[in-house]
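Following: one structure in structure tokens, then a few remarks.
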Amino acid sequence: MNIEEKNRVKELIREYCLPSAKFYKPSSYAMKSIFEKLGECYISEGDFIELMYEEGFQPYPIKDSESKKFRAEIIPNEKIAPYYWGNGGRPWLYDNLKING
């Protein structure tokens, strides 16, 4: 990722993530795929974990996985909905969707 892409994704994290007492159910891998669509750029899982950490979200390990969990809540929004809510958390089915607006 270049610096512009990192800054864009960090801005999206600030816009759409809130600290939470509970762990967000999807893994860092699932979350990064949502932010890839929103940011319109490729994000490695390591970069995503680092960006979340830089924005104040502590990564927690998942047993037998390289993915992490975060105590974060994604703010429901019409821009995120096509990639997660109501779609079974399977963003790979929506590769051809374009973000409106």
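If you're matching positions, the sequence shown starts at 1 in this note's numbering and goes up one per residue.
Every residue, glycine too, gets a C-beta built ideally from N, C-alpha and C.
Checklist line | DSSP state of Phe23 mapped onto helix, strand, coil | finding: coil
Margin query: Check this for me: beta carbons of Lys32 and Phe57, under 9 angstroms apart or not?
Written below: no
Check: Which stretch, first to last residue, makes up the alpha helix (DSSP H) that contains Phe70?
Finding: In the DSSP assignment, Phe70 falls outside any alpha helix (DSSP H) and within the unbroken beta strand (DSSP E) covering 68-70.
Item checked: Rounded C-alpha distance that separates Tyr16 from Met52 -> 12 angstroms
Item checked: Collapsed DSSP secondary structure at Tyr16 in the structure displayed -> helix
Margin query: Within a Cβ cutoff of 8 angstroms, which residues of the same chain sit near Pro59, ignoring the five residues on either side of it in sequence?
Written below: Ser28, Ile49, Met52, Tyr53, Lys68, Lys69, Phe70
Notebook entry, point to check: With DSSP run on the structure shown, which of helix, strand or coil describes Glu50?
Noted result: Per DSSP, reduced to three states, the secondary structure at Glu50 is helical.
Next item on the list: Report, in whole angstroms, the separation of the C-beta atoms of Leu12 and Phe35, which I expect to be a contact under 8 angstroms.
Entry: About 6 angstroms separates the CB atoms of Leu12 and Phe35; that is less than 8 angstroms, so the two are in contact.
Note to self: Using a 10 Å radius around the Cβ and a threshold of 16 neighbouring Cβ atoms, would you call Gly46 buried or exposed?
What the structure shows: exposed
Note to self: Suppose you measure from the CA of Leu38 to the CA of Glu66; what does that come to, to the nearest Å?
What the structure shows: 23 angstroms
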